[in-house]
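Undergrad: Residue numbers (my numbering): 708 to 1291. All residues carry an ideal CB built from backbone N, CA and C; glycine is no exception. Treat the numbers as computed from the prediction; the structure is a model and nothing was measured. Mind having a look at this structure? Questions to follow.
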């Protein structure tokens, strides 16, 4: 039997960056907030003495248990989707702070082109440049409107960086200077500059010096221990929700965070959300938490699944193109958009690759967004190229040139010889939406509570493959300029297909935003068109994946959403006006 609890002003599903920002802003305004987090309670002290590569990078201690809750995936509508059960293929965050605890800290601003991609593409190239099966659309908001929210997030997280020489205008510089440089970073920057490109230091949340943010939270200076991605920071030197926005919300006395709370439905009367239904994972007891507003701030998969299970909005149908919920799923996929590039092996140069941190590196934007003229190119959008020195942890650092036997005397010889003599340049590319890539409920597989799993369908178009090939080619060019004796380049096949690996946390869409309910699920304040007291915050609202990591943009939109929620709680009503639809 469901136990009904006392009503609060807002209930938030998820305690990552999006949920934490909303909680901080609502509680500072005096509203009573409950955050429901499926995972365990985590504090910075829990990460003391946990620089354990086997536990966190091989056994994925901080990641979601895929045997209880997962997704199914397929590469084509004709295939039967199968469950993803191995964390090697899906590193989905869980516990207090979500993926904001085990991230590397890369914090980019997406480009003006991203927010008006349809209009700007048609204006420059004409409608004929848009791929046949594309579902790309404008977001309903501009970079200039979003700039103050980017600035706010960067100051909350204490981002360290230097200004992008090709980037959009900023109202202020980064709150902290860039991280240290290294001989390998210097080599990448020198080679890129000599080729006529414009490298700049990676903007990151592993801060370069001790910093106090505008809410009074302290983030310590980074010690370059090399354990960022997949790890929590026990030094408190990586900005995360635990040490910033959640701490701020807690200090107000207006927030309660409940762990082990697995939300299964949004309760509603067809017109308004009335709260959420959740299961206490330790007892199995089911509860209803009523609230004036409901905020879905979980991961992309969780937000979309909850709306589908709750029968809110119209599910997307790839056959007819009708419906919104589940539409425009995109991401940085491991064999197409990221973790591919060129690796160079050096005979007479050594680099101390063990020193590093999650956002230590250099990148360049000469090919990002629409910075490059695409008139005579066989793809739209672009890629950013970077060299990052994350710290070569012992188990994973075992690179040898292509052609080396996988065992035996020669393998051991090359493994030892090239331990500190190899560098990797990566191209991270955009992935534009298409009518075949979407999210829906799986008709066969269910989770531990008997609810359908979310089914993920991903199809690569020729445009995506061509973009990926172009990015890898630039990586090869720069690595050759860096003077590597051997350059191994990742191959992108002409008929490349989705490999069922969700290796990053960079997944986007399913509950997309726009200027009208005709082409979107939420407005630009992340407010559902169909249910005005329901907000869906995070990457699930982005209509496509840009070429950058998403967290900085997620943070900016979370601040915009929180501003809208505070206004809604005092005034009510929809927060934006409908305007002419601009989409493919």
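If I measure Cβ to Cβ from residue 1280 and keep anything under 8 Å in the same chain, skipping five residues before and after, which residues do I get?
TA: Here residue 1280 is taken as the residue at index 573 of the chain shown, counted from 1. Cβ neighbours of residue 1280 beyond the five flanking positions: 1239.
Undergrad: Which residue from 1251, 892, 1053 puts its Cα closest to that of residue 1122?
TA: For the purposes of this step, residue 1122 is taken as residue 415 along the chain shown, with counting starting at 1. Closest by alpha carbon: 1053.
Undergrad: Start and end of the beta strand (DSSP E) containing residue 824?
TA: For the purposes of this step, residue 824 is taken as residue 117 along the chain shown, with counting starting at 1. Residue 824 -> not in any beta strand (DSSP E); alpha helix (DSSP H) instead, spanning 824 to 832.
Undergrad: Decide if residue 1102 is buried, meaning its Cβ has at least 16 other Cβ atoms within 10 Å, or exposed.
TA: Here residue 1102 refers to the residue found at position 395 of the chain shown. Label assigned to residue 1102: exposed.
Undergrad: If you draw a straight line from the C-alpha of residue 1178 to the C-alpha of residue 1265, how long is it?
TA: In the chain shown, residue 1178 corresponds to position 471, counting from 1. In the chain shown, residue 1265 corresponds to position 558, counting from 1. So the two alpha carbons sit approximately 31 Å from each other.
Undergrad: Quick one: is residue 708 buried, meaning 16 or more other Cβ sit within 10 Å of its Cβ, or exposed?
TA: As a first step, residue 708 is located in the chain shown; it is residue number 1 there, counting from the start. It is exposed - the Cβ of residue 708 has fewer than 16 other Cβ atoms within 10 Å.
Undergrad: Alpha carbon to alpha carbon, how far is residue 1012 from residue 1037?
TA: As a first step, residue 1012 is located in the chain shown; it is residue number 305 there, counting from the start. As a first step, residue 1037 is located in the chain shown; it is residue number 330 there, counting from the start. About 16 Å.
Undergrad: How about residue 1028 and residue 1015: do their beta carbons lie closer than 8 Å?
TA: Walking along the chain shown from the start, residue 1028 turns up at place 321. Walking along the chain shown from the start, residue 1015 turns up at place 308. Against a cut-off of 8 Å, the Cβ pair of residue 1015 and residue 1028 comes out as no contact.
Undergrad: Quick one: what's got a C-beta closer than 6 Å to residue 859's C-beta in the same chain, skipping five residues either side?
TA: On the chain shown, residue 859 is found 152 positions in, with the first residue counted as 1. These residues qualify, in order along the chain: 1266.
Undergrad: Is residue 722 near residue 1163, with beta carbons less than 8 Å apart?
TA: Reading the chain shown from its first residue, position 15 is the one you call residue 722. Reading the chain shown from its first residue, position 456 is the one you call residue 1163. Not a contact, by the Cβ cut-off of 8 Å.
Undergrad: Taking residue 1041 as the reference, give the member of 1017, 1135, 1069 with the closest Cα.
TA: Locating residue 1041 in the chain shown gives position 334, counting from the first residue. Of the candidates 1017, 1135, 1069, the one whose C-alpha sits nearest the C-alpha of residue 1041 is 1135.
Undergrad: Identify the residues that DSSP records as bridge partners of residue 738: which are they?
TA: Numbered from 1 along the chain shown, position 31 holds the residue referred to as residue 738. DSSP output for residue 738 lists no bridge partner at all.
Undergrad: What residue does the alpha helix (DSSP H) around residue 921 start on, and which one ends it?
TA: Indexing the chain shown from 1 puts residue 921 at position 214. Residue 921 -> no alpha helix (DSSP H), and no H or E assigned at all.
Undergrad: For residue 969, collect the residues of the same chain with a Cβ closer than 7 Å to its Cβ; drop the 5 residues on either side in sequence, then sort them by chain order.
TA: Numbered from 1 along the chain shown, position 262 holds the residue referred to as residue 969. The residues are 745, 985, 986, 988.
Undergrad: Apart from the five residues just before and just after residue 837, which ones in its own chain have a Cβ nearer than 8 Å to its Cβ?
TA: Here residue 837 corresponds to residue number 130 of the chain shown, with the count starting at 1. Closer than 8 Å at Cβ, skipping near neighbours: 825, 828, 829, 843, 1087, 1291.
Undergrad: Please report how far the alpha carbon of residue 773 lies from the alpha carbon of residue 886, in whole angstroms.
TA: Working through the chain shown from its first residue, we reach residue 773 at position 66. Working through the chain shown from its first residue, we reach residue 886 at position 179. Taking the straight line from one Cα to the other gives about 36 Å.
Undergrad: Secondary structure at residue 1019, three-state DSSP: helix, strand or coil?
TA: Taking the first residue of the chain shown as position 1, residue 1019 is located at position 312. Three-state DSSP puts residue 1019 in coil, outside helix and strand.
Undergrad: Near residue 1107, what residues of its chain come up, given a Cβ to Cβ distance below 7 Å and the 5 sequence neighbours on each side ignored?
TA: Position 400 of the chain shown, counted from the first residue, corresponds to residue 1107. Same-chain partners within the cutoff: 1118, 1121, 1122, 1125.
Undergrad: So, using beta-carbon positions, are residue 847 and residue 1220 closer together than 8 Å?
TA: Counting from 1 along the chain shown, the entry for residue 847 is found at position 140. Counting from 1 along the chain shown, the entry for residue 1220 is found at position 513. Yes, the pair counts as a contact, with Cβ atoms nearer than the cut-off.
Undergrad: For the putative contact between residue 1068 and residue 1095, defined by C-beta atoms under 8 Å, what is the C-beta separation to the nearest angstrom?
TA: Translated into positions along the chain shown, residue 1068 becomes position 361. Translated into positions along the chain shown, residue 1095 becomes position 388. That belief holds up - the Cβ atoms of residue 1068 and residue 1095 are roughly 3 Å apart, short of 8 Å.
Undergrad: Can you find the residues in the same chain that come closer than 6 Å, C-beta to C-beta, to residue 1130, ignoring five residues on each side of it along the sequence?
TA: In the chain shown, the residue the question calls residue 1130 occupies position 423. Cβ neighbours of residue 1130 beyond the five flanking positions: 891, 1051.
Undergrad: Using DSSP with H/G/I as helix, E/B as strand and the rest coil, what is residue 1281?
TA: Reading the chain shown from its first residue, position 574 is the one you call residue 1281. Reduced to three states, the DSSP call for residue 1281 is coil.
Undergrad: Would you mind stating whether residue 902 and residue 1188 have Cβ atoms separated by less than 8 Å?
TA: Within the chain shown, the letter at position 195 stands for residue 902. Within the chain shown, the letter at position 481 stands for residue 1188. A contact, by the Cβ cut-off of 8 Å.
Undergrad: Taking DSSP's pairing of strands, which residues face residue 1093 in a bridge?
TA: As a working mapping, residue 1093 is identified with position 386 in the chain shown. DSSP, once it has assigned bridges, lists 1070, 1133 as partnering residue 1093.
Undergrad: Reducing DSSP to helix, strand and coil, say where residue 1229 ends up.
TA: Within the chain shown, residue 1229 is the residue found at index 522, counting from 1. Strand at residue 1229.
Undergrad: Among 712, 718, 731, whose alpha-carbon lies nearest the alpha-carbon of residue 1297?
TA: The first residue shown for the chain is 708 and the last is 1291, placing residue 1297 beyond what the model contains.
Undergrad: Among residues of its own chain, excluding the 5 on either side of residue 739, which ones have a beta-carbon nearer than 7 Å to its beta-carbon?
TA: Within the chain shown, the letter at position 32 stands for residue 739. Excluding positions up to five away in sequence, the list reads 715, 716, 961.
Undergrad: Taking the alpha-carbon of residue 759 as reference, which of 964, 927, 1083, 941 has the nearest alpha-carbon?
TA: Start at 1 with the first residue of the chain shown, and residue 759 comes out as number 52. It is 941 whose Cα lies nearest to the Cα of residue 759.
Undergrad: Could you give the DSSP three-state label for residue 1003: helix, strand or coil?
TA: Here the question's residue 1003 lines up with position 296 in the chain shown. Strand, per DSSP.
Undergrad: Counting only runs that start and end within the stretch 937 to 1011, where is the alpha helix (DSSP H) found for 4 or more residues in a row?
TA: Entirely contained in the stretch 937 to 1011, the alpha helix (DSSP H) runs reaching 4 residues are, in chain order, 952 to 958.
Undergrad: Spatial neighbours of residue 879 within its chain, please: C-beta separation below 7 Å, excluding the five flanking residues on both sides.
TA: Taking the first residue of the chain shown as position 1, residue 879 is located at position 172. If we look at residue 879 and ignore the five residues flanking it on each side, its Cβ neighbours are 858.
Undergrad: Return the CA-CA distance between residue 1274 and residue 1247, expressed in angstroms with no decimal places.
TA: Here residue 1274 refers to the residue found at position 567 of the chain shown. Here residue 1247 refers to the residue found at position 540 of the chain shown. About 22 Å.
Undergrad: Looking at residue 806 and residue 864, is the spacing between their C-beta atoms short of 8 Å?
TA: Looking up residue 864 in the chain shown gives position 157. Looking up residue 806 in the chain shown gives position 99. The answer is no: Cβ separation not under 8 Å.
Undergrad: Quick check on the burial criterion: 16 or more other C-beta atoms within 10 angstroms. Buried or exposed for residue 800?
TA: If you number the chain shown from 1, residue 800 lands on position 93. By the 10 Å Cβ count, residue 800 comes out buried.
Undergrad: Does the structure place the stretch 964 to 979 close enough to the stretch 1211 to 1219 that three or more beta carbon pairs sit under 8 Å?
TA: In short, these stretches do not touch, since the Cβ pair count stays below three.
Undergrad: Leaving out the 5 sequence neighbours to the left and right, which residues in its chain are closer than 8 Å to residue 754 when beta-carbon positions are compared?
TA: What you label residue 754 is simply residue 47 of the chain shown in a count that begins at 1. So the qualifying residues of the chain are 938, 939, 940, 941.
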